[in-house]
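Residue numbers (the working numbering): 1 to 236. For every residue, glycine included, the Cβ atom is placed at its ideal position computed from N, Cα and C. These figures come from a predicted structure and were not determined experimentally. Take a look at the structure set out below.
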């Protein structure tokens, strides 16, 4: 499906960034609760110490276990978790996304490195967390725009519940997720636990910037977050 024509950048405005310094990344999916600061264009930012390596995948909760408060409720049952496998390609047909993955790591200061800004069609996956399709919360980030113009997640906020997201993995499988909700949060009041909280089932979060662009702060005011769950898998 063709995307809407991208807005023309304001020549007088500072170059926008896809994920600003106000986005906190507590990698709760790894069971650490560590706050990490993601800065899309690589400028300095306050950071936290490096987290420990990813913990073992938590066991599935008992059938009568209560659901975490305010967590998005999947519209359908979640498919059986897959073994860990490195993601290779992300496809979202409804917004014409077809992009390769790059691994996102932490630098010596504990700051999550951003996807390369010189490639507008690139998504990043935090490799210290769950891989897409295995039990846990997998974190995927992409730029909404770069210095050169619109980028891979320009249309992310237009996704609707029920849209599908597929991840091709290096073990030859394709994991398909269904969107539960698409929400926009102020960076000043970002719901860390809701977005990054541990999950006993395969969950996916797609994150980019949203809201207004603040020329003074050189950052966007909000974050767009897509909540999705695994519904099926197949051989590529």
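Simplified DSSP assignment, three categories, for residue i
i, result
"residue 202", "strand"
"residue 93", "helix"
"residue 216", "coil"
"residue 133", "coil"
"residue 83", "coil"
"residue 150", "strand"
Any non-hydrogen atom of the ligand MN within 6 Å of residue i CB
i, result
"residue 131", "With respect to the ligand MN, the structure offers nothing, as it holds no ligand at all."
Beta strand (DSSP E) segment containing residue i, residue limits
i, result
"residue 97", "97-104"
"residue 219", "219-235"
"residue 123", "123-126"
Beta-carbon proximity of residue i to residue j, cut-off 7 Å
i, j, result
"residue 115", "residue 102", "yes"
"residue 204", "residue 179", "no"
"residue 123", "residue 140", "yes"
"residue 137", "residue 85", "no"
"residue 202", "residue 135", "yes"
"residue 99", "residue 121", "yes"
"residue 232", "residue 79", "yes"
Enclosing alpha helix (DSSP H) for residue i [first to last residue]
i, result
"residue 144", "That residue, residue 144, is in no alpha helix (DSSP H); it is neither H nor E in DSSP."
"residue 195", "192-196"
Nearest-angstrom beta carbon gap, residue j and residue i [assumed within contact, 8 Å]
i, j, result
"residue 142", "residue 221", "The pair is not a contact, with the Cβ atoms about 18 Å apart (cut-off 8 Å)."
"residue 224", "residue 184", "5 Å"
"residue 90", "residue 174", "Rounded, the Cβ-Cβ distance is 11 Å, inconsistent with contact."
"residue 133", "residue 235", "13 Å between Cβ atoms; not a contact."
Exercise. In the region 157-188, which residue ranges form an unbroken beta strand (DSSP E) of at least 3 residues, counting only runs that do not cross its ends?
Worked result: Within the region 157-188, the complete beta strand (DSSP E) runs of at least 3 residues are 164-169 and 173-186.
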